[in-house]
Amino acid sequence: MSTPAAEPAPTALSADNPLAEVSTLPHRLPPFTDLTLEHCREALLAGMAQQRAEVAAIAGSEAPATFDNTVVALERSGALLRRAQAVFYALSSSNSSDRLREIEREVAPLSAAHADALRLDPQLFARIDAVHDQVQAGDHGLDPEAVRLVERYHLDFVLSGARLDEAGRDRLRELNQQLSRLSTTFGQNLVVATEAAAVLVTDRAQLAGLSDAEVEAAGVAATERGREGYLLTLVLPSGQPAMAKLHDRELRRRLHEASVTRASAGEHDNGPVAAEIAHLRAVRARLLGFDTHADLVAADQTAGTSAAVDELLATLVTPAVRNARAEGEVLAELAEADGVELAAWDWAYYSEQVRRDRYAVDTTALRPFFELDRVLVDGVFHAARLLYGYTFTPRPDLPGYHPDVRVWEVSDAAGEPVGLYLGDFFARDGKRGGAWMSSFVSQSRLLGTVPVVFNVMNVTRAAAGQPTLLTLDEVTTLFHEFGHTLHGLSSSVTYPRFSGTSVPRDFVEFPSQVNEMWALWPEVLDHYARHTGTGEPLGREVVAAIEAAALWGEGHATLEYLAATLLDQAWHRIGPDTVVEDPQAFEAAALEAAGVAYDLVPPRYRTTYFQHVFSGGYAAGYYSYIWSEVLDADTVEWFKANGGLTRANGDAFRDKLLSRGGSVDPIGAFRDVVGHDPDPAPLLARRGLG
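Using UniProt numbering, you'd call the opening residue of the sequence shown number 1 and step up by one each time.
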């Protein structure tokens, strides 16, 4: 087996390392109270060495290759490493520190080398290839999930370079090392730059338009960072929620410019980092036999080809631009009445006026109806109980990785244990922006494990003694991320490779987008939307107004998303000979060429803070959200046609799709639920693009 230069020295775990053995806490929840960063580092290094020894034994076996002694053995390997990675990467994204970032910079290239040591081992691939040949010949006696596992492993290895010659494998290792370091640098730069870009306000009067609770929260944020005044911290996308409310136009401008210019200059400039990542990905794709990185990515998605992605996006650009410009004309008139020329930092402010005046919807006034715990327990959990029979019991005795983290035990309708759910909802220093779901333990019958999953958000913490109130967008985000959680909790597969959300990237958002739709359904909304002061329910007339206003702003929302998607595609359609010297000029040219350049609507993510694609798993795959939304919108129609939010519908959706993870063809699973191939018409109607 080849040994890359970056191979870590074998490390023996110290006797007191809590990761050395399987956790004795319920469902193998990591023992966070006993863990230190040094334990994580030690376990990561030891875990890599241990798995390499396990894989060397598989690859070097003299016995003929079989499904059990090769593929199943690989599924069982790396137990220590899985435990260590689950903890460390949760901490690196949610509870970072200087020391953790040091370890991350040390471990990232070693992890890349470790993956290459497995995927580029000729002996190991020869055994996988032999098992694959048996399956192709029909000489196997395996069940469908096992057959799919063999096919999946074979494709994984091929797309990772297993068929390259020795020189090609060496070059690929080199590229993967460089990309690992650069991706880590991008993510760390962004965390630091986003924290530094927070806007400090010393005069409370400038915060007019924000609620008292929001002003107090800004004061808390300033105090926590040792500043005097009020601090407006940034969320990950370009648009900042406060811009819809702040009356002070100059402060809106400051907030907007802080957002769209972050990580674009100085010590933490991500522009050159992104350009180098895109270039190296192009070089790697060509080495692997693909024209571009986008083509490489599409080969392993439900889309299949970049051409299929282009076909979908092409149907959306023209109507999205048309609708956004029409919205802009309405907003420009409102701005002109105030004696100003509409700018990007005015869009959300005047758009909010339209919602109030035209549709009688004041999203700021909605916040008292959306208290965090009530939305979670009486909304999100309630919908999961109605659909799937799940119940959530608080477990304050179980530790999280930070004092903010809470734990619930999940049971099914029969009272049988399903797994654990952890929630980490508040913004803080050291946590990257955005919202996501991940797992500490994945379900697998082979390994005898049940899911331990967690959600992370970045909600602004209320002042002491005050309720934490959500915006309507944050309510939707919580339902969305919990849809990923349900995908993980509902998993019922044999092999960990297929567990939960282990599906193609352009399918993974589908279940989460389905779960969003329950937020405003009466049987869910009426259960959680109560005014924190009076206890009154959110009036049906208000909900009707929200639904009537649903198409307002879809032009902006669709265009900002498409701009980011097409920017992602542009970066990942370059050839290996292209070297981008000026990332900002490249970005501007790419948006213009794609027909989505509109100064009043910046991309949802610009290059320097496009974490999804330069420090996440969405490179050339940000289109996945709209691709998945085609499936989501079509599924909404199926739910409506079959009686809505019922256990029968929930059981069908769980049993035929959620529980299957990656063990079946995802589009086939979709077809099993709704009864037909995906139809884009419901999506076009939803977004007003028909």
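Don't be surprised by glycine CBs; every beta carbon is placed ideally from N, CA and C.
Exposure of residue i, with buried meaning 16 or more beta-carbon neighbours within 10 Å
i	result
N458	buried
D129	buried
T70	buried
P394	exposed
K431	buried
D346	buried
T460	buried
K245	buried
P18	buried
L342	buried
Q136	exposed
A6	With a pLDDT of only 49 at A6, under the threshold of 50, the placement of this residue in the model should not be trusted, and no figure is reported.
A589	exposed
A519	buried
H676	exposed
S14	exposed
E547	exposed
Cutoff 9 Å: residue i Cβ touching any chain D Cβ
i	result
D300	The structure shown contains no chain D; it is built from a single protein chain.
For residue j and residue i, believed in contact at Cβ under 8 Å, the rounded distance
i	j	result
A275	H293	Actually they do not touch by this definition, with Cβ atoms about 13 Å apart.
A217	A464	Not quite, the Cβ-Cβ distance comes to about 11 Å (not below 8 Å), so this is no contact.
G621	R505	4 Å
A320	L562	6 Å
Y495	D378	That belief does not hold up - the Cβ atoms of Y495 and D378 are roughly 36 Å apart, past 8 Å.
N323	G668	No, N323 and G668 are not in contact; Cβ-Cβ is about 34 Å, not under 8 Å.
L159	L288	7 Å
S211	T364	7 Å
G44	V107	Just to set this straight, residue 44 is Leu in the shown sequence, not Gly. L44 to V107, Cβ: 5 Å. Contact.
residue 691	L658	Outside the displayed span of the chain (1 to 690) sits residue 691, for which this structure offers no information.
V636	D568	Not confirmed; about 26 Å, so no contact.
L449	R28	It is Thr, not Leu, that sits at residue 449 in the sequence shown. Confirmed, about 6 Å.
CB contact flag (residue i, residue j, <9 Å)
i	j	result
R540	F369	no
V418	S439	no
L91	L37	yes
S499	S444	yes
Y623	V150	no
Y390	L525	no
E371	P237	no
E224	R52	no
R367	L470	yes
A344	P603	no
residue 707	P576	What is shown of the chain runs 1 to 690, which leaves residue 707 out entirely.
A298	T305	yes
E509	Y388	no
L179	A285	no
L376	L645	no
L447	A57	no
N95	L190	no
T608	A193	yes
Q177	P109	yes
R262	Q188	no
G616	S502	no
residue 693	G328	Not covered by the structure: residue 693. The range shown for the chain is 1 to 690.
E145	V673	no
P682	D634	yes
G47	R83	yes
D632	V514	yes
Cross-strand partners of residue i (DSSP beta bridge)
i	result
M437	N455
S444	T449
S426	Correcting the residue identity first, residue 426 is Phe in this sequence and not Ser. According to DSSP, F426 bridges with V459.
Y230	V201
S411	T391 and P417
A208	L210
E371	L469
R530	P537
R406	G423
task = Answer yes if the segment 434-451 comes into contact with the segment 478-488, meaning at least three C-beta pairs across the two stretches below 8 Å, and no otherwise.
result = Put simply, the segment 478-488 touches the segment 434-451. At least three CB pairs are less than 8 Å apart.
Stretch pair the segment 265-275 + the segment 569-587: three plus CB contacts closer than 8 Å = In short, these stretches touch, since the Cβ pair count reaches three.
task = Check whether the segment 249-259 touches the segment 352-364, taking contact to mean three or more Cβ pairs, one atom from each stretch, closer than 8 Å.
result = Too few Cβ pairs lie closer than 8 Å, so no.
task = Mind the definition here: the segment 112-132 touches the segment 172-179 only if three or more C-beta pairs lie below 8 Å; say whether that holds.
result = These segments touch.
inquiry  = Between the segment 189-200 and the segment 219-233, can you find at least three pairs of beta-carbon atoms closer than 8 Å?
reply    = The way I'd put it, the segment 219-233 does touch the segment 189-200; three or more beta-carbon pairs between them come closer than 8 Å.
key: Contact between the segment 399-414 and the segment 153-167 (3+ Cβ pairs under 8 Å)   = The segment 399-414 vs the segment 153-167: no contact.
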